[in-house]
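Chemist: Keeping their order, the protein sequence lines are chains F and U.
Note that the first sequence covers residues 30 to 199 in the numbering used here.
Note that the second sequence covers residues 2 to 135 in the numbering used here.
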Amino acid sequence: MAWSIAIHGGAGSMTPATMPEAAQAEHLAALEVARDAGSAILAAGGGALDAVVAAVAVLEDDDKFNAGRGAVFTYHGTTELDAAIMDGATRGAGAVAAATHTRNPVRLARAVMEASPHVLLSGPGADEFSREQGLKQVDPDWFATPERWRQLQELKARKLGWYDVDLKYG
Amino acid sequence: TVGAVAVDDAGHVAAATSTGGLTGKRWGRIGDSPLIGAGTYADDRACAVSATGAGEFFIRTAAAHEIGARMRLLGESAQAAADAVIAEIGALGGSGGVIVAAPDGSTAFAFNTPGMYRARADSGGLCEAAIFAE
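(1) State yes or no: is the beta carbon of ALA7 of chain U nearer than 7 angstroms to at least one beta carbon in chain F?
(2) According to DSSP, TYR118 of chain U sits in a beta bridge with which residue or residues?
(3) Roughly how many whole angstroms lie between the Cα atoms of ALA16 of chain U and ALA65 of chain U?
(4) Between which two residues does the alpha helix (DSSP H) containing ILE37 of chain U stretch?
(5) List, in order along the chain, the chain U residues whose C-beta lies closer than 7 angstroms to that of SER68 of chain F?
(6) Quick check: what's the CA-CA separation for TYR42 of chain U versus ALA113 of chain F?
(7) Residue ranges of each beta strand (DSSP E) run of no fewer than 3 residues wholly in the stretch 53-133 of chain F, ordered along the chain?
(8) Within the continuous beta strand (DSSP E) that includes GLY126 of chain U, where are the two ends?
(9) For GLY199 of chain F, which three-state DSSP category applies?
(10) Looking at the unbroken beta strand (DSSP E) that takes in PHE58 of chain U, where does it start and where does it end?
(11) Looking at the unbroken alpha helix (DSSP H) that takes in LEU150 of chain F, where does it start and where does it end?
(12) If you measure from the beta carbon of ALA92 of chain U to each beta carbon in chain F, is any gap under 7 angstroms?
(13) Under DSSP, the beta strand (DSSP E) around VAL99 of chain U begins and ends at which residues?
(14) Leaving aside the five residues before and after PRO169 of chain F along the sequence, list all residues of the same chain whose C-beta is less than 8 angstroms from its C-beta, in chain order.
(15) Are the Cβ atoms of ALA96 of chain F and SER19 of chain U separated by less than 7 angstroms?
(16) Compare the Cα-Cα distances from ALA111 of chain U to each of U:ALA102, U:GLN80, U:ARG121 and report the closest residue.
(17) What number of angstroms, rounded off, separates the C-alpha of MET13 of chain F from the C-alpha of ALA58 of chain F?
Here it is in structure tokens:
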């Protein structure tokens with residue numbers, strides 16, 4: 030049987046005219062690292078579930094993308110992380126919304142799928158479950174980057190509509 | 002938002018999505034990423050999907066599940082189903098993209114924004130990464 034993997038780091042308003050060559054090269058290199066982390070598992074006969082977690086965890090740890098480290102800020106200057114995972118073989122699924130202290134939210138979503146009777150956990154409850162599962166906890170400062178803080182201040186100063194925000198920063 | 006979809010050599014598919022959401026989000030706003038069937042879905046009878054974009058539109062169209070349903074019930078390819086659902090989202094005024102992996106080993110990208118950070122590889126030697134629409 031063949032294996033394959035596809036990944037994304039978000040869609041948006043970037044164009045060759047607005048994105049410097051150096052930034053393009055950095056983002057492409059980061060995408061290749063994440064893709065290859067998943068490919069290596071599949072090429073070794075590993076499962077699709079492990080492959081998608083490996084690829085997403087790499088992207089969560091890279092501050093160029095809006096997930097985990099480098100996530101955008103809420104209006105109140107905090108980070109609330111969402112993640113989901115689903116296993117096509119069993120249609121098992123796990124998801125978290127508004128988690129705040131788990132370093133890799135995708136691993137928390139997987140724990141919800143594999144170690145809880147639920148599909149979706151949110152907020153403080155999701156954080157409590159993460160601690161009980163022994164997942165790596167970080168201070169929210171781990172997720173904060175100057176660029177995302179600048180984008181929040183710009184949004185507040187310009188009072189952008191939510192739709193423009195999503196296209197520009199989402 | 003980031004995501005991955007994969008099919009392994011046993012033909013099982015999986016999808017994962019992770020996001021910080023929307024800059025400046027208020028009132029506990031949650032987008033499509035953690036909603037199974039909207040931004041993330043996987044079913045060996047159809048495909049695995051991860052979405053990114055204006056989450057409210059992906060929720061309202063149940064985008065990830067819809068792509069799987071089109072493949073399972075209409076026999077559409079991953080690319081045809083993904084293109085159709087992104088077009089539907091665009092017609093509603095939404096923007097964004099999806100990545101799809103199917104049990105037959107095929108993958109697809111579909112998006113209606115100027116760019117989407119994306120990459121893919123397979124056991125046949127495909128190995129690429131891209132940012133812009135062209």
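Every residue, glycine too, gets a C-beta built ideally from N, C-alpha and C.
Since the structure is predicted, the reported quantities are computational estimates derived from the model, not experimental observations.
Modeler: Considering the structure as presented:
(1) For this step, residue 7 of chain U is matched to residue 6 along the second sequence. Chain F, which has a Cβ nearer than 7 angstroms to the Cβ of ALA7 of chain U, makes this yes.
(2) The sequence position of residue 118 of chain U within the second sequence is 117, counting from 1. TYR118 of chain U pairs with F:GLY39.
(3) Mapped onto the second sequence, residue 16 of chain U falls at position 15. Mapped onto the second sequence, residue 65 of chain U falls at position 64. Distance between the alpha carbons of ALA16 of chain U and ALA65 of chain U is about 10 angstroms.
(4) Along the second sequence, read from residue 1 onward, the residue named residue 37 of chain U stands at position 36. Counting along the chain, no alpha helix (DSSP H) covers ILE37 of chain U, and no H or E run does either.
(5) If you number the first sequence from 1, residue 68 of chain F lands on position 39. What SER68 of chain F touches in chain U: ALA122.
(6) As a position in the second sequence, residue 42 of chain U is number 41, starting the count at 1. As a position in the first sequence, residue 113 of chain F is number 84, starting the count at 1. When rounded, the distance between both Cα atoms is 9 angstroms.
(7) 110-116, 121-128
(8) Counted from its first residue, the second sequence places residue 126 of chain U at position 125. Premise fails: GLY126 of chain U is in no beta strand (DSSP E) and is neither H nor E.
(9) Here residue 199 of chain F refers to the residue found at position 170 of the first sequence. Low per-residue confidence applies at GLY199 of chain F: pLDDT is 46, beneath 50, and the placement is therefore not dependable enough to give any value.
(10) The sequence position of residue 58 of chain U within the second sequence is 57, counting from 1. Run containing PHE58 of chain U: none in the beta strand (DSSP E); it sits in the alpha helix (DSSP H), 56-61.
(11) Residue numbering aside, residue 150 of chain F sits at position 121 when the first sequence is read from its first letter. It is not in any alpha helix (DSSP H) - LEU150 of chain F instead sits in the beta strand (DSSP E) that spans 149-151.
(12) Walking along the second sequence from the start, residue 92 of chain U turns up at place 91. No, ALA92 of chain U does not count as interfacial toward chain F.
(13) Position 98 of the second sequence, counted from the first residue, corresponds to residue 99 of chain U. Per DSSP, VAL99 of chain U belongs to the beta strand (DSSP E) from 97-102.
(14) As a first step, residue 169 of chain F is located in the first sequence; it is residue number 140 there, counting from the start. Once the five neighbours on either side are set aside, the close Cβ partners of PRO169 of chain F are THR107, THR108, THR129, HIS130.
(15) Sequence index remark: in the first sequence, residue 96 of chain F carries index 67 (1-based). Sequence index remark: in the second sequence, residue 19 of chain U carries index 18 (1-based). Taking 7 angstroms as the cut-off, the beta carbon of ALA96 of chain F is found closer than this to the beta carbon of SER19 of chain U.
(16) The residue given as residue 111 of chain U occupies position 110 in the second sequence. The candidate whose alpha carbon is nearest that of ALA111 of chain U is U:GLN80.
(17) The question about residue 13 of chain F has no answer, for chain F in this structure spans 30 to 199.
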